[in-house]
Amino acid sequence: MTHEPLRTYLRTFRRRTCLSQDEVAFLLGSMCGTSVSRHERGHRVPVLGAVLGYAIIFGANISELYEGMLGDVHEAMQPRVRGLLRSLERQAKSGVRDRKIAVLKKLLSQKGKAI
Amino acid sequence: MKHNAKHMRIVAVDPCLKGFGFAVLEGGTRLVDWGVARVWGTGEKEFVARVEDLLLRYRSKCLVLEDLDNVRRVSRKTRRVRVLEEYGKRSRLQLLRVSRASVRAAFQDAGVTKREIALAISNLFPELEPHLPPERKPWMSEDERMNVFDAVALALTTGAS
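Residue numbers (our numbering), protein chains in the order written: chain A, 275 to 389; chain B, 398 to 558.
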C-alpha cells in the first residue's frame, strides 16, 4: 500500500474553500481553470507567483500544499548535503566552517520544515 | 523518505444510479477528496475506468465498498459493487467491505438514519457542510450528494474498525 504523501494537496485545499478551478484561476490572474487543473493533477509545476497565490487564497503554508514534492526535494538534496559536509570536515577549523557544518547537520536531521 | 500510516490513503466508493459517490481519506482522519462522479454509459467498463482513474490519481491500493452479501435485490448498485470486487481482485487491491450495520454501529452516538449520520460527518468535516442535501421528504428521491456522505461513512467505519 502507498504511504507517500501526495505531490500536491492543491485540490484538497481548493475543495475546502468551495471555489471552482475557474474562480481560483481568476483570482490568480489567469485566463481559465485549465492551468489550475494541471497544477492540481501535478502535470505542471506552477511558477512561484502562482504558488504564493495559492498559499494566500487557501491560507496554507507552501509545505502543506506541496508536502510530497517538498519531501522529494529534501530527499534528493540529502546526498549533496552529505558530500558537502564531508568536504567541509576535511577543511581547516574556523568559525565559518563550523557554522556551515552546523547548518548542514540541521538539514540532515530535519525534513523540509523551513518553508 | 519515511512513509508512515499518516499518509495511507483509502478510496471509498458508493455506486448510485448516475455514477458513484467517492471519498478519499488519508491517515484515517484527513479528507483529501470527495464528490459524485457521473458515468453516463450503462456499461460497466466506463464505470470501472473512472474508479481506476481515481485509485491511480491518489496512488491508493485500498478500495472500500459496501458489503452487499446479504442483499437479495439485484439493483444496478449491487451489480456495480460486484464488478468492482472483481476488478479489485484482478488488480490485487486491498478490498475492504463494510456492511450498513457496521456503519450504523460506528455512528451509533449520532443516530441511525442516513441523514443523522450525514450530519455527524459534516460536523467532523466542516468542508462537507455546504454539500449536505436538504432533508428528504417522503415524495423525494434520494439526493445524489448523499452518496458522498455514504462513501465517507464507509471510509470512516473502516478506520474505526
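Ideal Cβ placement from N, Cα and C applies to all residues, glycine included.
As the structure is a computational prediction, the values presented were derived from the model and not from experiment.
Do residue i and residue j have their CB atoms nearer than 8 Å?
i        : j        : result
A:Arg289 : B:Asp430 : yes
B:Ala402 : B:Val549 : no
A:Arg356 : A:Gln365 : no
B:Leu521 : B:Glu463 : no
A:Phe287 : A:Ala334 : yes
A:Val347 : A:Ile336 : no
B:Leu490 : B:Lys458 : yes
B:Ile514 : B:Leu525 : no
B:Pro523 : B:Arg542 : no
Who are residue i's beta bridge partners in DSSP?
i        : result
B:Pro412 : B:Phe417
B:Cys459 : B:Gln491
B:Trp431 : B:Ala420
B:Ile407 : B:Leu422
Would you report the Cα separation of residue i and residue j, rounded to the nearest angstrom?
i        : j        : result
A:Arg281 : B:Glu423 : 14 Å
B:Arg512 : B:Glu532 : 7 Å
A:Leu359 : A:Lys379 : 8 Å
B:Arg469 : B:Thr475 : 9 Å
B:Ala502 : B:Arg454 : 31 Å
B:Leu553 : A:Met305 : 38 Å
A:Ser368 : A:Gln384 : 24 Å
A:Gly307 : B:Arg427 : 25 Å
B:Ile407 : B:Ser488 : 15 Å
A:Met351 : B:Leu516 : 46 Å
B:Met398 : A:Glu338 : Low confidence applies here, because B:Met398 scores a pLDDT of 46, under 50, leaving its location unreliable; read the following figure in that light. Approximately 16 Å between the Cα atoms of the pair.
B:Ser538 : B:Gly416 : 16 Å
A:Gly303 : A:Ser309 : 11 Å
B:Val421 : B:Thr555 : 12 Å
B:Asp540 : A:Arg285 : 24 Å
B:Gly418 : A:Cys292 : 17 Å
A:Ile330 : B:Leu465 : 45 Å
A:Ala388 : B:Val436 : A caution first: A:Ala388 carries a pLDDT of 48, below 50, which makes its placement in the model too unreliable to give a value.
A:Leu344 : A:Arg354 : 16 Å
B:His404 : A:Arg373 : 35 Å
A:Ile375 : A:Tyr328 : 35 Å
A:Leu381 : A:Asp296 : 38 Å
B:Gly432 : B:Leu414 : 15 Å
A:Tyr283 : A:His277 : 15 Å
Please look up how many angstroms separate the CB atoms of residue i and residue j, rounded, as I've assumed it's under 8 Å.
i        : j        : result
B:Val445 : B:Val480 : 6 Å
A:Glu222 : A:Pro279 : Outside the shown range of chain A (275 to 389) lies residue 222 of chain A, about which nothing can therefore be said.
B:Pro412 : B:Arg477 : 4 Å
B:Val509 : B:His528 : The Cβ separation is near 21 Å, so there is no contact.
B:Leu460 : B:Gly485 : 5 Å
Could you check whether the Cβ of residue i sits closer than 7 Å to any heavy atom belonging to the ligand NAD?
i        : result
A:Phe287 : Among the components modelled here there is no ligand, and therefore nothing to report on the ligand NAD.
* **Members of the segment 504 to 536 of chain B that neighbour chain A once the beta carbon cut-off is set at 8 Å** => Glu524 and Pro527
Interfacial residues, the segment 448 to 470 of chain B to chain A, with Cβ spacing under 8 Å
Arg454, Tyr455, Arg456, Ser457, Lys458 and Cys459
Self-check item: Interfacial residues, the segment 352 to 382 of chain A to chain B, with Cβ spacing under 8 Å
Solution: none
| field | Interfacial residues, the segment 283 to 304 of chain A to chain B, with Cβ spacing under 8 Å | value | Tyr283, Arg285, Thr286, Arg289, Arg290 and Cys292
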